[in-house]
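Enquirer: Residues 1 to 172 in the UniProt record's numbering are what the sequence shown lists, from first letter to last. Before we start, here is the structure in question, set down as structure tokens.
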Amino acid sequence: MSLTQVYLGLGSNIERHSHLQAGLEALAGFLVDIRCSAVFESQPVGIKSGPFFNFVVSAFTDLPLMELDRRLKFIEADNGRYAPDRRGLPLDIDVLLYGDLVGNFDGLVLPRAEILKNAFVLWPLSLIAPDRVHPGVGKSFATLWGEAQIEQVLAPVAFEWRGEPLTPFNLL
């Protein structure tokens, strides 16, 4: 069984700590070697809502891409993402990278375009995988972050998972 490295973007703007904790616990049920970036608070992009907590997860999976995406949708649903009466976004989990795949896979475009558009995706990705090369651009994420001209304000926030801090003190 071969494993594929994946990078996922997680975000929440409702009961942020509890929904992100629940998302991580659910991911731990089928992903291995989970590593998390620092967590950042950011203003919403494209929707009117309260501020978000966002971060990036690196992990390995033996699941095919579409099965992974299906399971992510179930986790989102379990956290109220698709509830008709929800106010805001309880939990959002996006596949940013799946190995080095590039293209449109049944409507799932990889690498995800938000990597290059949103500071709350690119900065955490540059921290967790600075030397990894964006498969569509050919530059490392650290280089891309250094060159980024994104007008979004991010603030690192203290966040723990399983008793371990995700955001290093030097960022707080």
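Don't be surprised by glycine CBs; every beta carbon is placed ideally from N, CA and C.
Using the Cα positions of residue 14 and residue 64, report the straight-line distance between them to the nearest angstrom.
Expert: For the purposes of this step, residue 14 is taken as residue 14 along the sequence shown, with counting starting at 1. For the purposes of this step, residue 64 is taken as residue 64 along the sequence shown, with counting starting at 1. In a straight line, the C-alpha of residue 14 is about 30 Å away from that of residue 64.
Enquirer: Shortest alpha-carbon distance to residue 67 belongs to which of 108, 35, 33, 89?
Expert: Looking up residue 67 in the sequence shown gives position 67. Closest by alpha carbon: 108.
Enquirer: Taking only the alpha-carbon atoms, compute the straight-line gap between residue 159 and residue 106 and give it to the nearest angstrom.
Expert: Within the sequence shown, the letter at position 159 stands for residue 159. Within the sequence shown, the letter at position 106 stands for residue 106. Roughly 34 Å separates the two Cα atoms.
Enquirer: For the candidate residues 98, 121, 120, whose alpha-carbon lies nearest to that of residue 227?
Expert: Outside the displayed span of the chain (1 to 172) sits residue 227, for which this structure offers no information.
Enquirer: Whole angstroms is fine: what's the gap from residue 134's alpha carbon to residue 103's?
Expert: Translated into the one-based positions of the sequence shown, residue 134 becomes position 134. Translated into the one-based positions of the sequence shown, residue 103 becomes position 103. Cα to Cα, the separation comes out at about 13 Å.
Enquirer: Within the same chain, show all residues whose beta-carbon is closer than 7 Å to that of residue 28, passing over the 5 residues directly before and after it, in chain order.
Expert: Translated into positions along the sequence shown, residue 28 becomes position 28. The residues are 34.
Enquirer: Between which residues of its own chain and residue 37 is the CB-CB distance below 6 Å, once the five residues before and five after are set aside?
Expert: Within the sequence shown, the letter at position 37 stands for residue 37. Cβ within range, chain order: 55, 56, 124, 127, 128.
Enquirer: Among 136, 170, 144, 48, which has the Cα closest to the Cα of residue 224?
Expert: This structure cannot speak to residue 224, because the chain is shown only from 1 to 172.
Enquirer: Within 10 Å of its beta-carbon, does residue 172 have 16 or more other beta-carbons around it, so buried, or fewer, so exposed?
Expert: Translated into the one-based positions of the sequence shown, residue 172 becomes position 172. So residue 172 counts as exposed.
Enquirer: Please name the residue or residues paired with residue 156 in a DSSP beta bridge.
Expert: In the sequence shown, counting from the first residue as 1, residue 156 sits at position 156. Paired residues: 40.
Enquirer: Of the residues 80, 3, 43, 115, which one's Cα is nearest the Cα of residue 19?
Expert: The sequence position of residue 19 within the sequence shown is 19, counting from 1. Checked all of 80, 3, 43, 115; the closest Cα to residue 19 is 80.
Enquirer: Compare the Cα-Cα distances from residue 17 to each of 52, 113, 47 and report the closest residue.
Expert: As a position in the sequence shown, residue 17 is number 17, starting the count at 1. Among 52, 113, 47, the Cα nearest to that of residue 17 is on 52.
Enquirer: Determine the direct distance from the alpha carbon of residue 59 to that of residue 94, and round the result to whole angstroms.
Expert: Stepping through the sequence shown from its first residue, residue 94 is reached at position 94. Stepping through the sequence shown from its first residue, residue 59 is reached at position 59. Their backbone Cα atoms lie some 13 Å apart in a straight line.
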